Amino acid sequence: MGIMAEASAVDAYFETTLGVEDPVLTRARERARAGGLPDIAVSALQGGFLALLVRITGARRVLEVGTLGGYSGTVIARALPDEGALVTLELDPHHADVARAVFDDAGVSDRVEVVVGRAAETLPRLDGAFDLVFIDADKPSNATYVREALRLAHPGTVIVVDNVVRGGAVADPGDTSATAVGSREVTELVAAEPRLEATALQTVGAKGWDGFLLARVVA
Ligand code: SAH
Ligand code: DHB
Ligand code: MG
């Protein structure tokens, strides 16, 4: 077995053994597929990580950039306390419709607001503060999204930027795709920003080889 197939099998082992995906989340994935959405939501185990991050940080207000069919949004919203809130931004009105149906089904609609539009245009209209920001939309805009997240943050806010590795593209100087360039830009921005302390973790599993930036607002 190749490393990617083995990594997928390990994901399947932990996913099943830990039971991280319950019927609500399985239905969320099915609704997204039935709606013709791309299969690019976080994996079940990555979702488990996001849920724990919400709990560990004690986040009450969470911002998500890139809703898709509401899989990660459902994970986040369910991990919030009763008075918690998720604001999630999505460009595609059809994705937003599927997500709203998923949030209804999960019983979290009362704590989720879906904002439709280009995030670069909707972010400046938002008011903070958010305790946790999950950035997972168009990768070339990641630096813009981190700048906006900083505006909407308070000391202690945690920022996660998904998909900064993309099969190693970020560290391949020969890869000048907008995605790879965007990943380098956001990494350099985070490195140069004294308000942020950050690390990056690679992941391997059901979603292939990728990874995320994890940052915390210091001041
Ligand atoms: N967070 C989701 C996956 C998001 S996929 C999950 O894990 O379940 C990325 C989403 O970002 C797609 O739905 C895409 O339509 C959306 N997107 C792409 N460009 C965008 C933009 N400029 N503004 C807002 N959303 C955007
Ligand atoms: C893609 C986007 C994502 O957010 C992700 O987690 C995986 C893939 C994509 O656009 O291909
Ligand atoms: Mg992603």
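Residue 377 is where the sequence shown starts when you use our numbering, and the numbers rise one by one after that. Yeah, the Cβ is synthetic: ideal placement off N, Cα and C, and Gly gets one too. Model, not experiment: these values are computed from the prediction.
Query: Using DSSP with H/G/I as helix, E/B as strand and the rest coil, what is residue 586?; Result: strand
Query: Once the 5 residues before and after residue 535 are set aside, which same chain residues still bring their CB inside 6 Å of it?; Result: 509, 525, 591
Query: For a test of your reading of the model: does the CB of residue 535 fall under 7 Å from any non-hydrogen atom of the ligand MG? Yes or no.; Result: no
Query: Specify the secondary structure class of residue 542 as computed by DSSP and reduced to three states.; Result: coil
Query: For residue 418, verify whether its CB is less than 7 Å away from any heavy atom of the ligand MG.; Result: yes
Query: Taking 8 Å as the CB-CB limit, is residue 592 close to chain B?; Result: Note that chain B does not occur in the displayed structure, where there is just one protein chain.
Query: Short check: CB of residue 401 to CB of residue 420, under 8 Å?; Result: yes
Query: Taking C-beta to C-beta, are residue 582 and residue 398 nearer than 8 Å?; Result: no
Query: Measure how close the beta-carbons of residue 610 and residue 507 come, nearest whole angstrom, since I'm counting them as under 8 Å.; Result: Outside the shown range of the chain (377 to 595) lies residue 610, about which nothing can therefore be said.
Query: Relative to the C-alpha of residue 533, which candidate in 410, 594, 464 has its C-alpha closest?; Result: 594
Query: Taking the alpha carbon of residue 491 as the point to measure from, which residue in 463, 482, 548 has its own alpha carbon closest?; Result: 463
Query: Three or more C-beta pairs under 8 Å: does that hold for the region 432-450 against the region 476-495?; Result: yes
Query: According to DSSP, which residues form a beta bridge with residue 578?; Result: 587
Query: Quick one: complete alpha helix (DSSP H) runs, 4+ long, within the region 486-545?; Result: 495-498, 518-527
Query: Locate the alpha helix (DSSP H) running through residue 571, then write down its first and last residues.; Result: Neither: residue 571 is in no alpha helix (DSSP H) and is coded neither H nor E.
Query: Where does residue 567 land, buried or exposed, given buried means 16+ other C-beta within 10 angstroms?; Result: exposed
Query: From 486, 495, 527, 520, pick the residue whose C-alpha is nearest to that of residue 503; which is it?; Result: 527
Query: Return yes when at least one heavy atom of the ligand SAH lies under 7 Å from the C-beta of residue 447, else no.; Result: yes
Query: Measuring only the C-alpha atoms, how far is residue 547 from residue 423?; Result: 26 Å
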